[in-house]
Amino acid sequence: MQFVIGSKQTVKMVEQGNAILVYVAQDADQRMTDKIVRLCETAGVPISWVDTMKNLGVTCGIEVGAAMAAVIPEIE
11 MQFVIGSKQT VKMVEQGNAI LVYVAQDADQ RMTDKIVRLC ETAGVPISWV DTMKNLGVTC
71 GIEVGAAMAA VIPEIE
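And the structure:
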């Protein structure tokens with residue numbers, strides 16, 4: 011599994027049809043999360059909610075919090 015982390019990159023991956031799953035932190039700014047939720051619903055990309063930005067960062071293997079991240083297929 012490969013992650014693309016951050017709101018701009020996540021939106022870009024969903025818009026390009028590359029995201030297969032999007033993680034969203036429940037404690038992230040609602041203005042950011044509302045946009046990606048609508049985009050995912052339109053594109054048919056499933057959303058997995060994570061309780062905190064800190065936990066999402068850990069899940070993605072980074073040391074800082076993340077509001078959202080997209081899972082994309084491995085590029086070989």
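For the sequence shown, my numbering assigns the number 11 to the initial residue and increments by one for each residue that follows.
Ideal Cβ placement from N, Cα and C applies to all residues, glycine included.
- No residue range can be given for residue 30, since it is assigned to no beta strand (DSSP E) and is classified by DSSP as neither H nor E.
- Within the same chain, and ignoring the five residues on either side of residue 62 in sequence, the residues whose Cβ sits closer than 8 Å to its Cβ are 35, 36, 37 and 75.
- Boundaries of the beta strand (DSSP E) harbouring residue 60: 57-60, taken from the DSSP string.
- One thing to note: residue 79 has its Cβ no nearer than 8 Å to the Cβ of residue 39.
- In the DSSP annotation of this structure, residue 77 is not part of any alpha helix (DSSP H), being labelled neither H nor E.
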